[in-house]
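Chemist: Structure in C-alpha cells, see below.
Numbering (my numbering), first residue to last: 62 to 344.
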C-alpha cells in the first residue's frame, strides 16, 4: 500500500520539490497551500515529472481550513502516514524593528501552524499506531542570527516542541524528525520574506546592522541549496528504518549544530556570532 503524505506550503520551494519527488516515487501525496491560485507551478512540475498528486487548500493559520483538509484526506484514504510541516515565511528585523502584530503573525504561521496541523493528524496516527512527522526547521532554529530575532524564535519553538513530543509519540510508533536547511534557492527572499515595520528608516538605530545583514543575506543566497536537494534528503529520511531526530542539510549547518551542542554555556556561540557581526559591519 502506497504511503499517504500530507505536506503544507507546496506552492513553491521545499514543499513543491518534495511533493513532486514523492509523487514521482509512488507516494500518495496531498500537496496543500493557502492560496490555490498559486498552484500552477506545482501542476506544471508534477506534469513534467510524469507524476500524480492531489492539491488541497490548507491555510495553517485557519482552524477550519486545517480540519477540512485533513477530513478530506481521511475520508478518501483512511490514514495519513507522513506529515511534513513545511509552511513558513521569514520576518527580518531586530526585536525593536518589529511590531507585536508582526510577531503574532509570524508565530501564527511558523509555529502555531505546525501545532494546528499536527493536532489534527495525531489522532489518526495514534489509531493506526504508526506515522512520521517531519518538521522543516532551519539552522536558525539551532543558532540565533542577528536581525532575525522573531524568525529564529519561531524555529527554536518548533525545535522545542518536536524534541518534547518525540519520546512520547514513540509509544504509538510515531517518529518525529527535524530538517534544518540553511539558505535554499527559492523565492523565499522575495515573496516569503518580510521586514519589520515598527521603526521608520530615519528613526532606526539598527539601520547599520540591518543594511549589513541584508547584504549578507543576498550573499548567502548566491550559494543556496536547491530545494530538490532538501527534497531528496527528506525522501531518504522517510525511507530510513530508524531515522535520526535531527538532520542538517549542509556542512556549514552541521558545523553550527556541532559548535552549539558542544558548549553548554552558550558563550562560544554568542561570541562567534558577535565577531561575525563586527566583521559584516567592517569593525
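Backbone N, C-alpha and C fix where the C-beta goes; we use that ideal spot for every residue, glycine too.
1. Out of 343, 270 and 335, point me to the one whose CA is closest to residue 158's CA.
2. Looking at C-alpha atoms only, which residue of 230, 199 and 278 is the closest neighbour of residue 193?
3. For the candidate residues 71, 319 and 246, whose alpha-carbon lies nearest to that of residue 120?
4. Any idea which residues DSSP pairs residue 92 with across the strands?
5. Can you grab the Cα-Cα spacing for the pair residue 320 / residue 310, in whole Å?
6. Is it buried or exposed for residue 252, if we count other Cβ within 10 angstroms and need 16 for buried?
7. Buried or exposed for residue 179, please, with buried defined as at least 16 other CB atoms from any protein chain shown within 10 angstroms of its CB.
8. Looking at the unbroken alpha helix (DSSP H) that takes in residue 230, where does it start and where does it end?
9. How about the stretch 222–229 and the stretch 326–340: do they share at least three Cβ pairs that are nearer than 8 Å?
10. Please say whether residue 93 and residue 118 have beta carbons closer to each other than 8 Å?
11. Please classify residue 268: is it buried, with 16 or more other beta-carbons within 10 angstroms of its beta-carbon, or exposed?
12. Quick check on DSSP: helix, strand or coil for residue 298?
13. Could you give the residue range of the beta strand (DSSP E) that holds residue 162?
14. Once the 5 residues before and after residue 314 are set aside, which same chain residues still bring their CB inside 8 Å of it?
15. Tell me the residue span of the beta strand (DSSP E) that contains residue 144.
16. Can at least three beta-carbon pairs, one atom from the stretch 164–176 and one from the stretch 138–151, be found at a separation below 8 Å?
17. My assumption, with CB atoms under 8 Å, is that residue 140 sits in contact with residue 185. Please give the rounded CB distance.
18. For residue 209, I'd like the list of residues in its chain whose CB is within less than 7 Å of its CB, leaving aside the five on either flank, ordered along the chain.
19. Kindly indicate which residue of 288, 100, 182 and 326 has the alpha-carbon position closest to the one of residue 136.
20. Please classify residue 197 as buried or exposed, where buried requires at least 16 other C-beta atoms within 10 Å of its C-beta.
21. Note the first and the last residue of the continuous alpha helix (DSSP H) segment covering residue 81.
22. From this set, 234, 84 and 333, which residue's C-alpha is nearest residue 188's C-alpha?
23. Quick one: does the C-beta of residue 128 sit closer than 7 Å to a heavy atom of the ligand ADP?
24. For residue 237, report the span of its beta strand (DSSP E) as first-last.
Modeler: Quick look at the numbers:
1. 270
2. Comparing Cα-Cα distances from residue 193 to each of 230, 199 and 278, the minimum goes to 230.
3. 71
4. 68 and 116
5. 16 Å
6. Model confidence at residue 252 stands at a pLDDT of 47, short of 50, so the residue's coordinates are unreliable and nothing is read from them.
7. buried
8. Under the DSSP assignment, residue 230 falls in the alpha helix (DSSP H) whose first and last residues are 210–230.
9. no
10. yes
11. exposed
12. helix
13. First-last for residue 162: 161–171, but that is the alpha helix (DSSP H), not the beta strand (DSSP E).
14. So the qualifying residues of the chain are 200, 203, 241, 242 and 243.
15. Start and end: 143–146.
16. yes
17. 6 Å
18. Here the set comprises 153 and 201.
19. 182
20. Burial call: buried.
21. 74–85
22. 234
23. Inclusion of the ligand ADP in the displayed structure is not the case, the ligand content being empty and no account of it being possible.
24. 235–241
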